[in-house]
Amino acid sequence: MSLDLQAVATGLPALWLAQGFLTSLAVTVIGAAVAFLLGGLLLALRLTPWRAASGFATAAIEVIRNTPLLVQLLFWYFAVYRLLPDTVRSWIGQDHGFGRLPQGPSLLSAEFLVAAFGLGVFFSAYIAEELRSGLAAVPEGQAEAARALGFSPLAGLLYIRLPQALANAWQPMIGQTLNILKNSTLASGIGLAETAYQVRQIESYNAHALEAFAVGTLFYLASGFGLARVLARLAPRNPGGGR
Amino acid sequence: MALDPGVILNNLDYLLWGRAPEGEIGGLLLSVIMALWAGVLSILIGAPLGVAGWLHPTLARRLLFPLADIIRAVPLLFLIFWFYFLIPLLVGGTAPGAVMVVVALTAFNTASVMYLVVAGFRALPAGQSEAAHALGFTPGQIVRRILAPQALPNILPSALGLGVMLIKDTSLAFIVNVPELTTVAGQVNGRLQVYPAEIFLTVGALYFLVCGALALLAGRFNRKRGVRR
Chain C
85 MSLDLQAVAT
95 GLPALWLAQG
105 FLTSLAVTVI
115 GAAVAFLLGG
125 LLLALRLTPW
135 RAASGFATAA
145 IEVIRNTPLL
155 VQLLFWYFAV
165 YRLLPDTVRS
175 WIGQDHGFGR
185 LPQGPSLLSA
195 EFLVAAFGLG
205 VFFSAYIAEE
215 LRSGLAAVPE
225 GQAEAARALG
235 FSPLAGLLYI
245 RLPQALANAW
255 QPMIGQTLNI
265 LKNSTLASGI
275 GLAETAYQVR
285 QIESYNAHAL
295 EAFAVGTLFY
305 LASGFGLARV
315 LARLAPRNPG
325 GGR
Chain B
696 MALDPGVILN
706 NLDYLLWGRA
716 PEGEIGGLLL
726 SVIMALWAGV
736 LSILIGAPLG
746 VAGWLHPTLA
756 RRLLFPLADI
766 IRAVPLLFLI
776 FWFYFLIPLL
786 VGGTAPGAVM
796 VVVALTAFNT
806 ASVMYLVVAG
816 FRALPAGQSE
826 AAHALGFTPG
836 QIVRRILAPQ
846 ALPNILPSAL
856 GLGVMLIKDT
866 SLAFIVNVPE
876 LTTVAGQVNG
886 RLQVYPAEIF
896 LTVGALYFLV
906 CGALALLAGR
916 FNRKRGVRR
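Which chain is which? The protein sequence lines are C and B, in order.
Count along the first sequence starting at 1, add 84, and that's the number in the working numbering.
Count along the second sequence starting at 1, add 695, and that's the number in the working numbering.
In structure tokens, the structure reads:
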């Protein structure tokens with residue numbers, strides 16, 4: 085058994101892999117953006133004094149976390165996406181020239197949009213929980229001190245507690261971002277031509293499965309490592325001066 | 696969007712146990728069986744590794760943790776791909792797809808179990824093992840009689856959380872076409888075409904029942920622990 089890297093480093097397989105890598109990275113970045121937006125929203129809902137809103141957020145988080153991502157992706161793709169008006173779907177299906185990465189894969193396709201949205205929804209529940217534990221770890225005295233200094237409860241939350249919560253939750257949230265990268269492989273289940281999809285395509289094209297798996301695996305190890313480094317560098321310093 | 700419950704009633708048995716009457720177990724039953732196998736195997740392998748890692752911090756730092764980190768840094772789907780490729784080479788024949796998926800799930804989960812056990816043992820006060828040592832317990836006895844019984848209640852909620860992850864991760868078998876719940880749901884959806892909402896909502900509900908029950912149990916244990924402290 086020998087490794088023939090030429091089989092995946094030239095011709096069509098090389099192009100496919102490059103497209104797969106770009107698509108994986110793009111769906112991870114956009115999925116993470118959706119996850120952080122919706123995660124912040126879920127946390128905000130949980131923190132409202134309004135019972136119905138916080139109850140909804142709690143229920144949504146439980147449902148999202150206790151069903152598989154792949155089933156959620158299939159649900160969004162097969163059941164929800166087709167509820168969009170025909171005009172919208174046919175517009176998404178057209179070739180626009182824009183929304184295309186240099187190597188060709190389109191960011192404006194049903195598969196890409198559903199994958200980014202589905203990943204975002206799934207991980208928003210985890211982001212919300214990480215932020216909530218980050219908030220719970222802020223010492224009680226911080227809220228009391230804010231109140232004593234004349235901050236309203238909302239201002240105390242926004243300017244005193246949340247920045248510290250963000251610093252506390254940063255490391256776990258890096259972990260969740262890496263999970264988004266790894267779990268973007270599941271989007272191959274709805275036909276998104278990301279890395280896992282392309283690796284299988286190479287396997288059936290020239291049977292060089294070993295090389296394709298190896299290159300794909302290295303891609304995830306390297307990009308995960310790089311992503312973690314970048315995000316760690318962006319870490320906010322705890323404004324409370326705590327650990 | 697009007698939902699048609701008839702579709703689900705007609706296909707519920709197939710979703711629950713696949714073609715079990717014909718001898719081919721599938722559906723939710725296969726999902727649970729695969730998760731149980733992977734869970735038991737990863738405890739049997741991961742727990743002793745965790746104890747070894749606790750006893751020998753150098754071994755843990757140099758070998759066990761880096762290995763576990765690599766396994767957990769690779770997408771689970773790629774682990775499944777690797778085992779699909781490697782196992783036939785190693786055993787010289789093909790193995791059923793469900794077995795490959797169980798092996799990949801086990802590899803992934805073993806790493807988590809090992810970390811959990813090391814953390815559980817490290818969280819115990821050092822005085823516990825020192826006192827036992829002073830009383831003449833052997834290292835094996837210290838682990839079995841003194842540390843394990845104390846660490847277990849702390850580990851249990853997280854272990855149940857790993858169980859939830861295992862159940863959810865069995866759905867990846869869809870991509871390699873092993874007929875567990877998600878795969879049979881995809882088959883039913885492909886056959887009927889026009890009832891995706893009914894099918895995937897039902898399947899989601901089935902997963903939610905199993906995972907939610909485990910999560911609830913984990914919450915119970917966590918609260919019980921909180922009260923005792």
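Glycine residues also receive a C-beta, built at the ideal position from the N, C-alpha and C atoms.
Note that the coordinates shown come from a computational prediction; the quantities given were computed from them, not determined experimentally.
Item                                                                                                                                                                        : Value
Please report the straight-line C-alpha distance between M795/B and Y779/B, rounded to a whole angstrom.                                                                    : 6 Å
In chain order, what residues of the same chain have a beta carbon less than 6 Å from the beta carbon of I114/C, not counting five sequence neighbours either side?         : A200
How big is the Cα-Cα spacing for Q282/C and F869/B?                                                                                                                         : 17 Å
Would you give the residue range spanned by the alpha helix (DSSP H) that F297/C belongs to?                                                                                : 293–317
Could you check which residue in L241/C, A163/C, G204/C, F206/C has the C-alpha nearest to that of V222/C?                                                                  : L241/C
Flag G273/C as yes if its beta-carbon sits less than 8 Å from any beta-carbon of chain B, otherwise no.                                                                     : yes
Is it buried or exposed for A165/C, if we count other Cβ within 10 angstroms and need 16 for buried?                                                                        : The residue asked about is misnamed: residue 165/C is Tyr in this sequence, not Ala. Per the 10 Å Cβ criterion, buried.
Mind checking whether G123/C and L215/C have CB atoms under 8 Å apart?                                                                                                      : yes
With 7 Å as the C-beta to C-beta threshold (strictly closer), list the residues of the stretch 776–808 of chain B near chain C in chain order.                              : F776, W777, F780
List the residues that DSSP assigns as beta-bridge partners of I720/B.                                                                                                      : G713/B
Could you say which of Q156/C, T279/C, Y210/C lies nearest to G259/C if we only look at CA atoms?                                                                           : Y210/C
Are there 16 or more other CB atoms within 10 angstroms of the CB of Y902/B, so buried, or fewer, so exposed?                                                               : buried
Roughly how many angstroms lie between the CA atoms of V873/B and A715/B, to the nearest whole one?                                                                         : 14 Å
Could you tell me which chain B residues have their CB closer than 9 Å to the CB of V147/C, listed as they occur along the chain?                                           : G899, F903, G907
For the stretch 863–883 of chain B, which residues have a beta carbon sitting closer than 9 Å to at least one beta carbon of chain C?                                       : K863, D864, T865, S866, L867, F869, I870, L876, T877, A880, G881
With three or more C-beta pairs closer than 8 Å as the rule, is the stretch 785–805 of chain B touching the stretch 716–733 of chain B?                                     : yes
Let me confirm a value: E287/C is counted as buried when at least 16 other C-beta atoms fall within 10 Å, else exposed. Which label applies?                                : buried
Compare the C-beta of F895/B with all C-beta atoms of chain C and state if any pair is closer than 8 Å.                                                                     : yes
What's the call for W777/B, buried or exposed, on a 16-neighbour Cβ count within 10 Å?                                                                                      : buried
In angstroms with no decimal places, state the Cα-to-Cα distance between L725/B and L707/B.                                                                                 : 14 Å
Report, in whole angstroms, the separation of the C-beta atoms of G788/B and V871/B, which I expect to be a contact under 8 Å.                                              : Not quite, the Cβ-Cβ distance comes to about 17 Å (not below 8 Å), so this is no contact.
Tell me which residues of the stretch 297–309 of chain C have at least one Cβ-Cβ distance to chain B shorter than 7 Å, keeping chain order.                                 : F297, G300, T301, Y304, L305, G308
Drop a sphere of 10 angstroms on the beta-carbon of W134/C, count the other beta-carbons inside from all chains shown, and report buried for 16 or more, exposed for fewer. : exposed
Mind checking if F955/B is an interface residue toward chain C, Cβ cutoff 8 Å exclusive?                                                                                    : As displayed, chain B neither begins before 696 nor continues past 924, which places residue 955/B out of reach and without an answer.
Less than 8 Å between the CB atoms is what I'm expecting for L722/B and L710/B, so what's the real figure, rounded?                                                         : Before going further, note that residue 722/B is Gly rather than Leu in the sequence given. Contact flag correct, Cβ pair sits at about 5 Å.
Using three-state DSSP, classify E287/C as helix, strand or coil.                                                                                                           : helix
Is N322/C near A251/C, with beta carbons less than 8 Å apart?                                                                                                               : yes
Taking C-beta to C-beta, are P891/B and A163/C nearer than 8 Å?                                                                                                             : yes
What I want to know is whether the C-beta of A253/C ends up closer than 7 Å to one or more non-hydrogen atoms of the ligand SAH.                                            : What this structure holds is no ligand at all, so the ligand SAH is not there to describe.
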